[in-house]
Amino acid sequence: PVPPLASPFIVAPTGEKFSLTFEDRFREKELNTNVWRPFNTEYPTFGPTHCVAGTAGCAKSEVMVLGKLVDVSGVYNTIYTPDNVETTGSGLILRGQRQPVNMPKVNDGPSALFSSGWIDTYGKYTQTYGFFEMKAKLPGGNGWWPAFWLMPQNRQWSYEIDIMEVLTGNNGNDRTNTGPNSVHLGLLWNNGRGNIGKWYKNPALDVTTGFHTYGLLWKPESLTYYVDGIAVHSVKKSEGAAIPQIPMYMIANLGVGGSWGGFPDEKTDFSQTMEIEYIRAYQYDGAPAAQAEPTFPVLIDNVMPALVTAAAGETISFDVAVNSGIETSAYSLSYTLMNVKKDPITKINGTRDRVFGTVKAMPLKGGRQSFQVTMKIPSDFPAGDYAFKTSIAEVATGKYNNGGTTAVVRLK
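Each position in the sequence shown, counted from 1, maps to that position plus 102 in my numbering.
1. Under 6 Å Cβ to Cβ from K339, same chain only, skipping five residues before and after it: list those, please.
2. So does the segment 221-239 actually touch the segment 280-292, counting three or more Cβ pairs closer than 8 Å?
3. For D482, which residues does DSSP report across the bridge?
4. What's the call for T135, buried or exposed, on a 16-neighbour Cβ count within 10 Å?
5. Write down every uninterrupted run of the beta strand (DSSP E) in the segment 339-382 whose length is 3 residues or greater and which is fully enclosed by it, in chain order.
6. Would you give the residue range spanned by the beta strand (DSSP E) that L240 belongs to?
7. What does DSSP give as the partner residue(s) for I263 in the beta ladder?
8. Closest by CA to H286, which one among Y384, L133 and S336?
9. Considering Cα atoms alone, identify which of S434, W220, Y261 and G357 is closest to A343.
10. Tell me whether M205 sits in a helix, a strand or coil according to DSSP, three-state version.
11. When the Cα atoms are used, what is the spatial distance from T147 to S284?
12. If you count every other CB in all the chains shown that lies within 10 Å of the CB of Q229, and 16 or more means buried, which is it?
13. Which partner residues does N404 have in the DSSP bridge list?
14. I need the straight-line Cα distance from A333 to L513, nearest angstrom please.
15. From W220 to A509, what does the alpha carbon distance come to, in whole angstroms?
16. DSSP three-state label for P140, please.
17. Secondary structure at D519, three-state DSSP: helix, strand or coil?
18. Below 8 Å, how does it come out for the segment 477-497 and the segment 401-418: are there three or more Cβ pairs, yes or no?
19. Which residues in the same chain have their Cβ closer than 6 Å to the Cβ of M266, if we skip the five residues on either side of it in sequence?
20. Use the C-beta contact count for D126: other C-beta atoms within 10 angstroms, 16 or more gives buried, fewer gives exposed.
21. Anyone know if the C-beta pair for A389 and G232 falls short of 8 Å?
22. In chain order, what residues of the same chain have a beta carbon less than 7 Å from the beta carbon of I418, not counting five sequence neighbours either side?
23. With DSSP run on the structure shown, which of helix, strand or coil describes D222?
24. Is it buried or exposed, L318, if we count other Cβ atoms within 10 angstroms and call 16 or more buried?
25. List the endpoints of the continuous beta strand (DSSP E) containing R197.
26. Identify the residues that DSSP records as bridge partners of Y327: which are they?
27. Anyone know if the C-beta pair for Q515 and T189 falls short of 8 Å?
28. Using DSSP with H/G/I as helix, E/B as strand and the rest coil, what is D387?
29. Please determine, among A414, R197, G225 and L435, the residue with the shortest C-alpha to C-alpha distance to A423.
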């Protein structure tokens, strides 16, 4: 049955009526694949942070190069598989597994460390504006990273709305905001303007001991985040936020590991799961249609070659292809060459684990252009795999786009 109109809210927004547009309480024996896609990382490929590129799926930081799986950042070793998604007749379970069998090999070495569950409505259901809500109980301990979020249906990597994400442990880079009484709410990428995020902290909240609701009220001018029906944070267009105006799809996943929140340890209980009671979407009366989306005018399209084999002390070059819709002002192209085998948690400082560089004031015309980046590899770099990453920024404003394109340098 359709819940009461104001049920997502402790205090309903004034002057508006909401209609239920999407609901799954996961009461069936099987996942409803008419509206959900269980994400399957059979052949990991590289993609930006939360990778959703291609029907084969992809892990969060891996790149397939010449048939070999290379770990680009060294911080994510999780793939998503349908067998970690289960309906119970009273809800949905997303589980994680330690050292699962039949996992893709990393650098011809050990298999990926973890697998986990992910569902999304990509290609099945999208909505522009409205209210989105999940009711769930989350696992506790080090290494868990559950999330409920939205991404653009057109896969334009300029927005990501994190309705909630929780880092339940305390052994990662961020030990100030993690734990079961903190929820991260965010607008990522923000159409090239930088990320906007906030930690909601409540000592009385424990997301691991009971079910809680996490909601987002999305309007053309603002995003308002809710925990247990109470508005706890908002971002506004009038204050500089680039509020999305295009259809987005829903994602619920149980991440495992990562430098931000930390990895599972010997105390992590893998019998715990992310239990979802329902996921719903509402639309408010009078909601406008989706608008034409302003985009970052310059995008990094490609980096070639995808794999360079060299020795320390040698000079290497990459061709970086840039797309521009119209003639624009000057842009700077920045790059990083990073040793992916360095421990991301210890954060070894100095110049011996990475190299930074910038090609300044590139003259851009409309269309596709290619720029050459040449760099000398420091002579004391050890053998191994390095990630070559790019970003681009408008010189006058500092507005940037992270590119999302990576190549691999393999030192002999």
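Here a beta-carbon is modelled for each residue, glycine too, at the ideal position from N, C-alpha and C.
Everything numeric in this text was worked out from a predicted model, so none of it was measured.
Taking the structure as given:
1. E323 and I345
2. no
3. DSSP, once it has assigned bridges, lists no residue as partnering D482.
4. exposed
5. 350-358
6. Counting along the chain, L240 falls outside any beta strand (DSSP E), and DSSP gives it neither H nor E.
7. L252 and L289
8. S336
9. Y261
10. Note that M205 scores a pLDDT of 45, beneath 50, so its modelled location is shaky; the value from the coordinates is reported in the next line. Coil.
11. Low per-residue confidence applies at T147: pLDDT is 31, beneath 50, and the placement is therefore not dependable enough to give any value.
12. buried
13. A423
14. 51 Å
15. 27 Å
16. strand
17. The requested residue 519 does not occur in the structure, where the chain is confined to residues 103 to 514.
18. yes
19. F250, V285 and Y316
20. buried
21. yes
22. V410, A412, M477, I479 and V511
23. strand
24. buried
25. L194 to R197
26. L318 and H335
27. No answer is possible for residue 515: the residues shown for the chain start at 103 and end at 514.
28. coil
29. L435
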